[in-house]
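What follows is a short report on a single structure.
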Amino acid sequence: MARSDQKVTHFIDMNLRLITFLFLILATLSHSKLTSLQQIDVKTFEKMREVERYQIKIAEKHFLKGTFKVALAEYEKFLTLYEKSPGAPYAQLMWSHTMMRLKKPKTALRDGFQSVIDYWPDSHEATIAAYCMGDAYRTMGEVKDAQKSFRFLITEYPDHEIAIRARQDLLHYSRLHQDMEERLSILKELTFKVKRTDVSKSACIKACHELAEIHCFAQELDEGKKALATTYAGPKLFDQVYSLSVKTVNHLLKDPKTKSAALKLGDQLISTMRVETTVRPELASQFLYQVAALHTTLGRPSETFKVYEEIGEKFGMNDGLRGKMADWYISREKLDQAYRIYGQYENKVSGLSNIASLQLKEGKTEEAIETYRQIIEIDGENSGTYLWTIAGCYEKLSDWKKAIACYRQVDRFPANYFAIAKCHRRLGEQKEAIVLYNQCKVVEKSAPEATIQIGYTYEEAKDKEKAIRTFQLTCKRYPKSGQASRAHSHLQNKYNINVTLGGTEEE
C-alpha cells in the first residue's frame, strides 16, 4: 500500500509540474502578442503566486481579445485582492494601457501611469510608465508635455534601456523643430555619456556620426574627430574622418561664402592622404586615387591628371587607370586622346567596347558597327550580344534589311522575333510581321504583347475589321494584362467601341 501511495503521489506531482510548464509556455506565447511596453517582467512573474498569475492571465486574455471593459475590471480586481503582490505595479500599468485603448488618455495619465510612478517609484514598471506618459501625450498631440515626460524619464532613470528610446524621441523632435541646442545636448549624451550595451550601441554609433557631421559642417573638425573616436580607432578612425571631411568639403563648396574654407580643408586632406601613403604603403595607390578625386572635387582637373600619371609611374599602368584617364579626356572633350587610351587596353574586348560606345555617342554609327565586328572576331562566344547591338545600329541608320539579317543570327527568342517583326513593319511588310508575332505567341508571357502588336500591324495594313477583332481578342484572352488595358483604351478612343475585359471568348 505504501508503494501504491508513493506512485499516486509521484503521478500527481508529475501532472502538476506538466500543468505549470504548459501554463508558462502559454504565458510566453501570449506575451509575444503584447508590445514591449505591455509585457510583464520575467522576474516579477516568477515572484508572483499561482493565484496571482492566474488573475493576470484572465485580465490579459480579455485585453488581447479587445474586450477592454472586462479587462479593466479584471485588472481592478487584481489590485483589490492582491494590493501587496509583486505584480501590483504591472496590473496598474496594464490598467493604464487598457484606459488608453478605451480612448481615455487623460484618465490613463492621471490615475494610471502617474500612480505607478507615485506608489512604486523604484519598480521596473515605473520606468515603463514614465515613457508611456510621454507616448500618451504624443498620441493626444501635446508635444511639449510629451517632451517633458521623456526628459523626466531620462533624469530619473538615466541608465535604463527605455531611456535610450526616450532620447531618440527627443532627438526626433529636436530635428523636427530645428532645436539645435537640444539636438546637440542629446547627441553628446548618446555619444559620450551613455554606456554602450547591446540595446544602446546602435543608437550611440548613429549619434556619434550625426554629431561629428554637425561639427565638421560648422568647421569644427577636431570636435568631429572626438565624436568619431568614441567608436573608431587607428586606421578605421582615419578612414571615417576622411570620409566625413570629403562630405564637408562638398557641403562647403555649395556656398560661395564658404568656398575658401572648402579649398583650405581640401588641401589639408590632400596633404594628410599623401602622408598616409607612407604610413600604410600597402594602400598607397588607393590613397592617391582619393587625392585625384579630391582635386576633381576642388575644380582642379589638371592636378587630377598629374596624380593619374604619378600612379602610373609608381605602380604601373592598368586598364582601371587607363579608364579614368580616358574619362578625364572625354570630360575635357579631347576625344582623340580618349580613343588612343582605349586602344592601349590590355583587355582588347573592353578597350574596343569603349571605343564603340564613344563612336555611338559621337554619332559615328557605321564606324561603331565595324568596331563591334572586330570584337566578334576576338570574343566569338558572346557574338549574340554584339550582333544585337549591331542590329540596333542598323535600325538607327534605317537599314532595316541588314538589321533583320543581324537579328536572325541572335539566339534570343522571342525578343529577336519581335525585333525582326518591327523591322518588317518599317519596310511595309505587314504579312511577314504577323507571321512572326503569331510564332511569339507560343511563349505564354509574350502572347498578350504579340496579340496587340498584330492588331497594330493590321491597322498599318489598312485592315480595320481584323484590327478591331484582334484588339477585342486581346481584351478577352488576357483581361488582367497591361496589353488588355491598352487595347481597351485604343478601341474606345479610335473606334468608339466599348469592350468588357474578360468574359467568354467567341471565335
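Going by the numbering used here, the residue at position 148 of the sequence shown is 151; the numbering climbs one at a time, nothing skipped. C-beta: ideal position from N, C-alpha, C; glycine also. Predicted model only: the values in this text are computed from it and were never measured.
* To do: Measure the beta-carbon distance from K36 to L67 and round it to whole angstroms, keeping in mind my assumption that it falls under 8 Å.
  => 6 Å
query: Who are the near neighbours of G137 in its chain, counting only those whose CB is closer than 6 Å to its CB and skipping five residues on each side?
result: Cβ within range, chain order: A149, S152, F153.
Just checking my contact of E462 with A470 at CB under 8 Å: how many whole Å lie between their CB atoms?
-> Yes, E462 and A470 are in contact; Cβ-Cβ is about 4 Å, under 8 Å.
Check your understanding: Which term fits S492, buried or exposed, when burial requires 16 or more other beta carbons within 10 angstroms of its beta carbon?
Key -> exposed
Subject >> Contacting residues, own chain, Cβ-Cβ under 7 Å from Y375 (five flanking each side not counted) >> reply: Cβ neighbours of Y375 beyond the five flanking positions: A359, Y389, T392, I393.
For this session: Would you kindly work out how many angstroms separate the C-alpha atoms of S593 and T234, rounded to a whole number?
Result: Since the first and last residues shown for the chain are 4 and 510, residue 593 lies out of range.
| request: Write down every uninterrupted run of the alpha helix (DSSP H) in the segment 289-337 whose length is 4 residues or greater and which is fully enclosed by it, in chain order. | output: 304-318, 322-334
Beta strand (DSSP E) segments (min. 3 residues) lying fully within the segment 366-441:
none
Do D322 and Y342 have their CB atoms nearer than 8 Å?
-> no
task = Could you pull out every residue in the same chain whose Cβ sits closer than 7 Å to the Cβ of H254, ignoring the five residues on either side in sequence?
result = F220
What does the Cβ neighbour count give for Q1, buried or exposed, with the cut at 16 atoms within 10 Å?
In the structure as shown, the chain starts at 4 and stops at 510, and residue 1 therefore has no counterpart that could be examined.
Does the segment 473-480 come close enough to the segment 439-447 to have 3 or more Cβ pairs within less than 8 Å?
Judged by Cβ distances under 8 Å, the segment 473-480 makes no contact with the segment 439-447, as fewer than three pairs qualify.
Discussion item. Can you give me the C-alpha to C-alpha distance between C135 and F116, rounded to a whole angstrom?
Written reply: Taking the straight line from one Cα to the other gives about 7 Å.
Check: By how many angstroms is the C-alpha of L256 removed from the C-alpha of L268?
Finding: So the alpha carbons of these two residues sit roughly 11 Å apart.
Distance, E77 Cα to M97 Cα: 10 Å
Are the beta-carbon atoms of L231 and A206 separated by less than 8 Å?
no
**Asked** Is E144 helix, strand or coil by DSSP?
**Response** Note that residue 144 is Gly in the sequence shown, not Glu. Shown here, G144 sits in coil according to DSSP, grouped into three states, outside any helix or strand.
- Query: Would T503 pass as a contact of A487 if the rule is Cβ separation under 8 Å?
  - Reply: no
* In or out: H175 buried (at least 16 other Cβ within 10 Å) or exposed? -> exposed
Between the alpha carbons of L430 and I372, how many angstroms are there, rounded?
22 Å
- Message: With the cut-off set at 8 Å, would you say I423 and I407 are in Cβ contact?
- Response: yes
Return yes when the Cβ of Y160 is within less than 8 Å of the Cβ of A139, no when it is not. For the 8 Å CB-CB criterion, A139 and Y160 do not form a contact.
Figure out for me which residue from R52, A490, E49 has the closest Cα to the Cα of Q456. Shortest Cα-Cα distance from Q456 to any of R52, A490, E49 involves A490.
| query | So what's L105 in DSSP terms, helix, strand or just coil? | reply | coil
- How far does the alpha helix (DSSP H) with S88 in it reach, from first residue to last? Careful: S88 lies outside any alpha helix (DSSP H) and carries neither H nor E.
Between the CA atoms of K204 and K309 - distance to the nearest angstrom: 44 Å
*Could you tell me whether the Cβ atoms of T247 and G227 are closer together than 8 Å?*
Rather than Thr, the amino acid found at residue 247 in this sequence is Leu. Contact flag set, yes.
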